[in-house]
Every structure is written in structure tokens, then in C-alpha cells.
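A quick write-up on the structure given underneath.
In the numbering used here, the protein residues as written are 1 to 107.
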């Protein structure tokens, strides 16, 4: 028996072992699956908002530090707008978190 046939047999057996327990825990028809979708959606919303906020804050701080490194005398003119920008970025993440809590409370 070739290695490819053995590997395909193991993969099929593994897939079957992975899929059949799902059928055992399947929900009956007419069950309330909408609440789970709201919970998943709010979790995704917070995760994506945190990812975007983290990337935005990283770029803002990197640019500010690069500007300060090039011209240390402009530190005060760079630092205040950077902090305001970071606060605005973070407020969007907090807003998505609040919306997710409101949606999850309606489950």
C-alpha cells in the first residue's frame, strides 16, 4: 500500500472523527441560534476594532517618535497632537466595546 493511500485513509478517518461529534451536539430544529450569532458578531466587532486601533496607534506613535528623533526641539508640538490622536483612536475601540456589550445584553 502506498504512502499516499495510507495518508488519505488517515485523513478521511480524522475528518470523520472530527465531524461526527458535531452531529451529536446538534441543536434541534426551532432552537434559538440567533443569540449565539449575536455573541459571535459582537466578539468579532471588538476584535477587529482592537486590531485596527492597535495598528493605528502603532503607526501614530512610530511617526511621532520619528519626528521627535529628527527634530528634538519640536517635541512639545508633536506630543500633544499625538496624544489627542491616540485618544480618538482609542475612543473608537471603546465605542465598539460598548456596542458589543449592548448587543450581548439583548441575547
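All residues carry an ideal CB built from backbone N, CA and C; glycine is no exception.
Remember, it's a predicted structure, so these values are computed and weren't measured experimentally.
Problem - Supposed close pair residue 109, residue 97 - CB separation, criterion 8 Å - result: There is simply no residue 109 to check, as the chain begins at 1 and stops at 107 in what is shown.
Handout entry: Selection from 78, 74 and 95 that minimises the alpha carbon distance to residue 48
Key = 95
Problem - Neighbourhood of residue 56 by C-beta, 7 Å cutoff - its chain only, sequence neighbours within 5 removed - result: 89
Problem - residue 2, enclosing alpha helix (DSSP H) - first and last residue - result: Careful: residue 2 lies outside any alpha helix (DSSP H) and carries neither H nor E.
Problem - Buried or exposed by the 16-neighbour rule on C-beta atoms within 10 Å, applied to residue 100 - result: buried
Problem - Exposure of residue 63, with buried meaning 16 or more beta-carbon neighbours within 10 Å - result: exposed
Practice task
Taking residue 74 as part of the alpha helix (DSSP H), name the residues at either end of that continuous run.
Solution key: Per DSSP, residue 74 lies in no alpha helix (DSSP H) and is assigned neither H nor E.
Handout entry: Closer than 9 Å to chain C by CB, residue 39
Key = Absence of chain C from the displayed structure is noted, only one protein chain being present.
Handout entry: Classification of residue 8 by the beta-carbon crowding that lies within 10 angstroms, buried from 16 upward
Key = exposed
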